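Report on the structure given below.
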Amino acid sequence: MPNPFGKMKDLANAFQQAQKVQQGAQELQLELEQLEIEGTSGGGLVTVVMSGNQEPRRVEISSDALSQGAEALSAMVTEAMQEAYTKSTDNMRDRMEELTSGLNLPGL
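In structure tokens form, the structure reads like this:
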């Protein structure tokens, strides 16, 4: 006769693991809010800084970038933003993978 409590134990373990992931995700969110990730372009003429959760923080534009004209400046800002965004999302994905690695939770 199968033990009906075996599945209950598995379910309890799954809930425990889910709670650990939730707590880790909350801690990770706080860390990401404090993190600053840079994207640059134009050989460093333009720098965009975002938080780890893609919140824009600041844009730094050198006077040399200004002298290149509006179209070139716009392209440099866009490129720096894309780099910062990519770095930020890659970082977030890697951190979430670390958080959930080794857990046998369905869907993660």
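Its first residue numbered 1311, the sequence shown is counted upward by one per residue in the working numbering. Think of the CB as a built atom: it goes at the ideal place given N, C-alpha and C, for glycine as much as any other residue. Remember, predicted model here, so these are calculated numbers, not experimental data.
Excluding the five sequence neighbours on either side, which residues of its own chain have a C-beta within less than 6 angstroms of the C-beta of residue 1368, listed in chain order?
-> 1359
Cβ neighbour criterion (16 or more within 10 Å) applied to residue 1357 | buried
Kindly indicate which three-state DSSP category residue 1341 falls into: helix, strand or coil?
-> helix
Taking the runs of the beta strand (DSSP E) that are 3 residues or longer, which of them lie wholly in the region 1324-1409?
-> 1346-1351, 1356-1361 and 1366-1371
Best match in 1318, 1395, 1354 and 1344 for proximity to residue 1376 [C-alpha to C-alpha] | 1354
Who are the Cβ neighbours of residue 1401 in its own chain at under 7 angstroms, not counting the five residues just before and after it?
-> 1347 and 1362
Collapsed DSSP secondary structure at residue 1418 in the structure displayed | Because the pLDDT at residue 1418 is just 45, under 50, the model does not fix this residue reliably, and the point stays unresolved.
Less than 8 angstroms between the CB atoms is what I'm expecting for residue 1383 and residue 1338, so what's the real figure, rounded?
-> So it is not a contact: roughly 35 angstroms between Cβ atoms.
Apart from the five residues just before and just after residue 1386, which ones in its own chain have a Cβ nearer than 7 angstroms to its Cβ?
-> 1351, 1352, 1355, 1356 and 1375
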